[in-house]
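Visitor:
Chains as they are written, first to last, in the working numbering: chain A, 1 to 111; chain B, 1001 to 1114.
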């Protein structure tokens, strides 16, 4: 069965600083990977996804993620965060047509 | 307005009562999903449906019942609510076709069982 690990429960970053959120997956076949963002009191919104091709994937809101098969990782990055990026971020993998989510990383932005 | 909606947005109930959470989508998506979100667990799949009258269990189905008589609706029923079912519930849908198609999420229902 597939699984996703997000090792960082909570990250605090200064506005304007760079960001990297970690995601490690376990899946026997080629993984289909996703990053979702959840703003407070809201549902989840897709940031980006990877299923083949270029291992560097561009998403919405200036986010990107890099798929590294050798490290079983799919880390999310942003070069300069904005206060509006404060939210919870979930990495997910598809297996048997079902999404399996990580436990999430809460991002706090400080001025 | 098009999209995926959930009702109610907030619900307080008592142990042992039956509760139904509603989910409605206007895209005619084939697939619909119910998740629960709990601290330390992320989102976990309760049930999903590939089409009307086709449902299947997810990771945590115990204590829940679903039905899908119409493509656009996917109600989730807690037949006898327990405190452990206090959670935020999200409905999602996606279209037919590639499994990599995006799942669209509703705004969630916050359920408290006293």
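Each residue gets a CB set at the ideal place from its N, CA and C atoms; glycine is no exception. Because the structure is a prediction, the values reported are computed rather than measured.
1. Take every Cβ of the segment 85 to 92 of chain A, pair it with every Cβ of the segment 17 to 31 of chain A, and state whether three or more of those distances are shorter than 8 Å.
2. List, in order along the chain, the chain A residues whose C-beta lies closer than 7 Å to that of residue 1108 of chain B?
3. Is the CB-CB distance between residue 41 of chain A and residue 1090 of chain B below 8 Å?
4. Nearest-angstrom Cα distance between residue 33 of chain A and residue 1045 of chain B?
5. For residue 1037 of chain B, is the classification buried or exposed, using 16 other Cβ atoms within 10 angstroms of its Cβ as the cut-off for buried?
6. For a cutoff of 8 Å on Cβ pairs, would you count residue 1090 of chain B as touching chain A?
7. For residue 1029 of chain B, is the beta carbon positioned less than 7 Å from some heavy atom of the ligand FAD?
8. For residue 1097 of chain B, is the classification buried or exposed, using 16 other Cβ atoms within 10 angstroms of its Cβ as the cut-off for buried?
9. Does residue 104 of chain A come within less than 8 Å of chain B when only Cβ atoms are used?
10. Please tell me whether residue 1041 of chain B has its Cβ less than 8 Å away from any Cβ of chain A.
11. Could you spell out the range, first to last residue, of the beta strand (DSSP E) harbouring residue 20 of chain A?
12. Considering only their Cβ atoms, is the gap separating residue 1016 of chain B from residue 98 of chain A smaller than 8 Å?
13. Could you tell me whether the Cβ atoms of residue 1034 of chain B and residue 1078 of chain B are closer together than 8 Å?
14. Between which two residues does the beta strand (DSSP E) holding residue 87 of chain A run?
15. Excluding five sequence neighbours on each side, which residues of the same chain lie with their C-beta closer than 6 Å to the C-beta of residue 37 of chain A?
16. For residue 1030 of chain B, which option in B:1111, B:1103, B:1114 and B:1083 has the closest C-alpha, if you only look at C-alpha atoms?
17. So who's on the other strand from residue 1060 of chain B, going by DSSP bridges?
18. Rounded to the nearest angstrom, what separates residue 104 of chain A and residue 1018 of chain B at their Cα positions?
19. Using the rule of at least 16 other Cβ atoms within 10 Å of the residue's Cβ for burial, across every protein chain shown, is residue 1094 of chain B buried or exposed?
20. So residue 101 of chain A contacts chain B; which residues on that side make the cut at Cβ distance below 7 Å?
21. Taking 8 Å as the limit between beta carbons, can you name the residues of its chain near residue 111 of chain A, skipping five residues before and five after?
22. DSSP beta-bridge partners for residue 1036 of chain B?
23. Whole angstroms are fine: how far does the CA of residue 1070 of chain B sit from the CA of residue 85 of chain A?
Guide: Taking the definition as stated:
1. yes
2. Stepping through the second chain from its first residue, residue 1108 of chain B is reached at position 108. By Cβ distance, chain A contributes 43.
3. Looking up residue 41 of chain A in the first chain gives position 41. Looking up residue 1090 of chain B in the second chain gives position 90. No, the Cβ-Cβ distance between residue 41 of chain A and residue 1090 of chain B is not below 8 Å.
4. In the first chain, the residue the question calls residue 33 of chain A occupies position 33. In the second chain, the residue the question calls residue 1045 of chain B occupies position 45. Whole-angstrom Cα-Cα distance: 17 Å.
5. Here residue 1037 of chain B corresponds to residue number 37 of the second chain, with the count starting at 1. Buried: at least 16 other Cβ atoms inside 10 Å.
6. Working through the second chain from its first residue, we reach residue 1090 of chain B at position 90. Yes, because at least one Cβ of chain A sits closer than 8 Å to the Cβ of residue 1090 of chain B.
7. Judged by which ligands are present, the structure shown has none, so any question about the ligand FAD falls away.
8. Counting from 1 along the second chain, the entry for residue 1097 of chain B is found at position 97. With fewer than 16 other Cβ atoms within 10 Å, it is exposed.
9. Against the first chain, residue 104 of chain A aligns to sequence position 104. For residue 104 of chain A, the answer is yes, since a Cβ of chain B falls inside 8 Å of its Cβ.
10. On the second chain, residue 1041 of chain B is found 41 positions in, with the first residue counted as 1. With 8 Å as the cut-off, residue 1041 of chain B counts as an interface residue toward chain A.
11. Position 20 of the first chain, counted from the first residue, corresponds to residue 20 of chain A. Counting along the chain, the beta strand (DSSP E) containing residue 20 of chain A begins and ends at 19 to 21.
12. Position 98 of the first chain, counted from the first residue, corresponds to residue 98 of chain A. Position 16 of the second chain, counted from the first residue, corresponds to residue 1016 of chain B. Going by C-beta atoms, residue 98 of chain A is not nearer than 8 Å to residue 1016 of chain B.
13. Within the second chain, numbered from 1, the residue matching residue 1034 of chain B stands at position 34. Within the second chain, numbered from 1, the residue matching residue 1078 of chain B stands at position 78. For residue 1034 of chain B and residue 1078 of chain B, no; Cβs fall outside 8 Å.
14. Counting from one through the first chain, the residue named residue 87 of chain A turns up at place 87. Per DSSP, residue 87 of chain A belongs to the beta strand (DSSP E) from 87 to 95.
15. The sequence position of residue 37 of chain A within the first chain is 37, counting from 1. Excluding positions up to five away in sequence, the list reads 45, 47, 87 and 89.
16. Reading the second chain from its first residue, position 30 is the one you call residue 1030 of chain B. Looking at the Cα atoms, B:1103 is the closest of the given residues.
17. Residue 1060 of chain B sits at position 60 when you count from the first residue of the second chain. For residue 1060 of chain B, which the question treats as bridged, DSSP gives no partner whatsoever.
18. As a first step, residue 104 of chain A is located in the first chain; it is residue number 104 there, counting from the start. As a first step, residue 1018 of chain B is located in the second chain; it is residue number 18 there, counting from the start. Rounded to whole angstroms, residue 104 of chain A to residue 1018 of chain B spans 30 Å at the Cα level.
19. To locate residue 1094 of chain B, count along the second chain from 1; it is residue 94. Its Cβ being crowded by 16 or more others within 10 Å, residue 1094 of chain B is buried.
20. Counting from one through the first chain, the residue named residue 101 of chain A turns up at place 101. Those within 7 Å of residue 101 of chain A in chain B are 1042 and 1043.
21. Reading the first chain from its first residue, position 111 is the one you call residue 111 of chain A. Result list for residue 111 of chain A: 14, 15 and 83, in chain order.
22. Stepping through the second chain from its first residue, residue 1036 of chain B is reached at position 36. Residue 1036 of chain B is bridged to B:1044 and B:1089.
23. Residue 85 of chain A sits at position 85 when you count from the first residue of the first chain. Residue 1070 of chain B sits at position 70 when you count from the first residue of the second chain. Answer to the nearest angstrom: the Cα atoms are 37 Å apart.
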